[in-house]
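J.: Structure incoming, see below.
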Amino acid sequence: MIPITRPTLPRFEEFEGVFREIMDSGQLTNGKYVGLLEDKMAGHLGANHIIAVSSCTLGLILTHQALKMSGEVIMPSFTFSATAHSLAWNSIKPVLTDSDPDSFNIDVELAETKINPRTSAILAVDIFGNPCDRQSLKDLAIKYGLKLVIDAAHGMGSLYGGEPLGGWGDAEVFSLSPTKVMVAGEGGLIATDDESLAFKLKKARNYGDPGNYNCEFAGLNARMSEFHAVIAIKSLEQLEENVKARNTIAEYYRESLSGIPGIKFQSIKENDRSSYKDFSLYLHEDFPLSRNDLSAKLLEKGIQTKPYFDPPIHKQTAYQPRSRSSDKLKTAEALSNNCISIPLYSHMPMSEAEYVSLTIKDIANGNLET
Ligand SMILES: *Cc1c(COP(=O)(O)O)cnc(C)c1O
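The working numbering numbers the first residue of the sequence shown as 350 and each following residue consecutively.
Pasting the structure below:
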């Protein structure tokens, strides 16, 4: 079976000694390795302050809380559930917006039409690692006096205008969970240039405690452990190599599958780079099979796929009933119904990618003939 993804991990011998040192020291959390990871990431990402947390979801929840976001927040419906959950945990209403059919990211012009006096922020996402249009989103946020938070869960290793992500909006939040490109086991990183926000978030991940047990607000335990920080530091050392390997396979998929009718690829802008957290085919009516039939046939041939993201947020049970049911969210639904993520991981052998590509071609051609 060729899996949809696998974490590319450093060899155990590389951090065995450090794990032993942490165990011997007895300092399993709030120790030096989380601080070291934060320093290294501040150098790598385009932000002055990095706050390591136990997951991207908690990073988002605490960021919205610290920014005092409330009322309504505009976000795409075509994303992973955690983007919306981070708002729900702050009693904020997600205003679900349609996506752009080329970039698969939030449609910024449509987002503008949803702004009203209750709107406090925009929460954008880098879908599959394709950087969202940060400049337009920033312009919009400034024009209407809104906060801007970016769910950059997929964006570690991506480049926007040739630069690593992290420096846009009030904060960008990354994920280090095992299906993402850089892995800690579980973990997240909040990147921000706002010193007072960073200061607040360091308290927020520690129950809201400034250090004297007199909590200033209701925070959470969202600390990253020392072990996770060590794995993340090692994973950072491999990041560039891993993202390059993913881009090589993605290029191969694009070229080898381009002759098949009815397949559209996510468009990445010329000066940008996707981390290719996922590689997704967007099937159109010219394609001879439905997405689900293609997925079933690939599984028979030992190839795992995923229907990311199906259902979209606005169709999920947790977000019913929708108050703005007049909105059709046509592109989000088309993407949800017709996108299929095919296997891609950093240490994937080219022979596997060739097998995946050939098998898709065979299935498509076979169905064209019948
Ligand atoms: C994975 C993911 C998250 C959540 O990250 P965790 O670290 O697992 O909490 C949030 N947003 C998106 C878009 C994701 O894919």
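The C-beta atom is built at its ideal place from N, Cα and C for all residues, glycine as well.
State buried or exposed for Leu630, treating a residue as buried only when at least 16 other CB atoms are found within 10 Å of its CB.
T.: Buried, because 16 or more other Cβ atoms sit within 10 Å of the Cβ of Leu630.
J.: Provide the residue span of the beta strand (DSSP E) that contains Ser574, from first to last.
T.: Note, Ser574: premise wrong, no beta strand (DSSP E); not H, not E.
J.: Would the beta-carbon of Cys405 be found less than 7 angstroms away from any heavy atom of ligand 1?
T.: Result yes, Cβ under 7 angstroms from ligand 1.
J.: Please name the residue, chosen from Asn379, Thr428, Phe576 and Phe636, that lies closest to Asn714 on a Cα-to-Cα basis.
T.: Here the closest residue by C-alpha is Phe636.
J.: How would you write the range of the beta strand (DSSP E) that Val444 sits in, first residue to last?
T.: It spans Lys442 to Thr446 - the beta strand (DSSP E) in which Val444 sits, taken as one unbroken run.
J.: Exposed or buried, which one is Phe628 when buried takes at least 16 other CB atoms within 10 Å?
T.: Buried, because 16 or more other Cβ atoms sit within 10 Å of the Cβ of Phe628.
J.: What residues are listed by DSSP as bridge partners for Glu521?
T.: Answer by DSSP bridge pairing, in chain order: Ile499 and Ala540.
J.: Quick check on the burial criterion: 16 or more other C-beta atoms within 10 angstroms. Buried or exposed for Arg622?
T.: When all chains shown are included, Arg622 counts as buried.
J.: Answer yes or no: the CB of Ser526 versus the heavy atoms of ligand 1, is any distance below 7 angstroms?
T.: Yes, ligand 1 has a heavy atom inside 7 angstroms of this Cβ.
J.: Buried or exposed: Met697, going by 16 or more other Cβ atoms within 10 Å of its Cβ?
T.: Buried, by the Cβ-count rule.
J.: The beta strand (DSSP E) spanning Lys492 covers which residue range?
T.: Here Lys492 belongs to no beta strand (DSSP E); instead the alpha helix (DSSP H) covers Arg483 to Tyr493.
J.: Consult DSSP for Cys688 and reduce its assignment to one of helix, strand or coil.
T.: Cys688 falls in the strand class under three-state DSSP.
J.: Confirm the yes/no value for this check: CB of Val429, any heavy atom of ligand 1, distance under 7 angstroms.
T.: Looking at the sequence shown, residue 429 is not Val but Phe. Flag set: Cβ of Phe429 near ligand 1.
J.: Please confirm whether any heavy atom of ligand 1 lies closer than 7 angstroms to the CB of Thr354.
T.: For ligand 1, not one heavy atom lies less than 7 angstroms from the Cβ of Thr354.
J.: Considering only the alpha carbon of each residue, which of Gly392, Lys381 and Gly510 lies closest to Phe576?
T.: The shortest C-alpha separation from Phe576 is found at Lys381.
J.: Which whole runs of the beta strand (DSSP E) in the stretch 598-656 are 3 residues long or more, in chain order?
T.: Taking only runs of at least 3 residues, the beta strand (DSSP E) segments lying wholly in the stretch 598-656 are 612-614 and 628-632.
J.: With DSSP collapsed to three states, give me the class of Asn465.
T.: In this structure, Asn465 counts as coil in the three-state DSSP scheme.
J.: Closer than 7 angstroms to a non-hydrogen atom of ligand 1 - does that hold for the CB of Thr446?
T.: No, ligand 1 has no heavy atom inside 7 angstroms of this Cβ.
J.: Would you call the stretch 655-675 and the stretch 599-612 in contact, with 3 or more CB pairs under 8 angstroms?
T.: Contact fails: fewer than three Cβ-Cβ distances are below 8 angstroms.
J.: Is the separation between the beta-carbon of Ser469 and that of Leu495 shorter than 8 angstroms?
T.: Contact: yes.
J.: Hey, would you say the C-beta of His663 is under 7 angstroms away from at least one heavy atom of ligand 1?
T.: No, Cβ of His663 sits at least 7 angstroms from all heavy atoms of ligand 1.
J.: For Met372, does the three-state DSSP call read helix, strand or coil?
T.: If DSSP states are grouped into helix, strand and coil, Met372 belongs with the helices.
J.: Give the DSSP-derived three-state secondary structure of Tyr562 in the structure shown.
T.: Three-state DSSP puts Tyr562 in coil, outside helix and strand.
J.: Taking DSSP as the reference, what is the three-state secondary structure of Met424?
T.: If DSSP states are grouped into helix, strand and coil, Met424 belongs with the strands.
J.: Looking at ligand 1, does it come within less than 7 angstroms of His503, judged from the CB to the closest heavy atom?
T.: For ligand 1, at least one heavy atom lies less than 7 angstroms from the Cβ of His503.
J.: Measuring from the CB of Gly537, is there a heavy atom of ligand 1 at a distance below 7 angstroms?
T.: Correct: Gly537 has its Cβ closer than 7 angstroms to ligand 1.
J.: Can you tell me the Cα-Cα spacing of Pro480 and Gly516, whole angstroms?
T.: So the two alpha carbons sit approximately 12 angstroms from each other.
J.: Quickly, what does DSSP pair His398 with across the bridge? List them, please.
T.: Thr541, per the DSSP bridge assignment.
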